[in-house]
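Read the structure below first, then the notes.
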Amino acid sequence: MIRVDLDAEVAEISRSCARLRASVDRLGPGPPDDLGEDPELTAIHAARSQVHDERLGVLVQRLEAFTRYRAGVEQVDRQLAKLEWVISVVVDDDSDEYVAAAEDELGSERLNRAAEEFDNVAGTIIETMLTDAKRLSRIVRYS
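Numbering-wise, the sequence shown is residues 6 to 148 according to the numbering used here.
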């Protein structure tokens, strides 16, 4: 993998843009006054302008390549951030969580069985108490 110093690349692109701007400014809009009608001078100016246009095209290609590279770096950075987050929240292989979940499930089953037994015993006790109360009420009535 080729490493690129993004800051240095931005500086180089900026310097190249500045040099191109200075060259375009030096060339100017064309030969002045009546020299602008001289075919040799207009040909020289057109050729220099063509060089500037080509150089500008190459700079645009460089900026597009820089943008693609930077987007790739940002994507890798996002993936690394995601990985770091996963590592920070996942301790070992989560086996402690599985053990705790199994303990909770067993505890739930134990409490449910105890509640069912209590309901059955309570129902039996209530029925016995009702039966005893009816018997007592008959005894009290006949006494």
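Even for Gly, the Cβ is constructed at its ideal location relative to N, Cα and C.
Where Leu135 is concerned, the enclosing alpha helix (DSSP H) starts and stops at 100-147. Taking 8 Å as the cut-off, the beta carbon of Leu64 is found closer than this to the beta carbon of Ser21. In this structure, DSSP gives Gly41 a helical state, which the three-state scheme calls helix. Contact annotation: His57 and Leu88 have beta-carbon atoms that are not nearer than 8 Å. The alpha-carbon separation between Ser93 and Glu108 amounts to approximately 25 Å. Counting only runs that start and end inside the segment 15-102, there is no beta strand (DSSP E) element of at least 3 residues.
His50 places its beta carbon 8 Å or farther from that of Gly62. In the structure shown, Asp12 adopts helical secondary structure according to DSSP, grouped into three states. Your pair Arg60 and Leu11 does not check out as a contact, with CB atoms roughly 22 Å apart and the cut at 8 Å. Between the alpha carbons of Asp30 and Pro37 lies a gap of roughly 14 Å.
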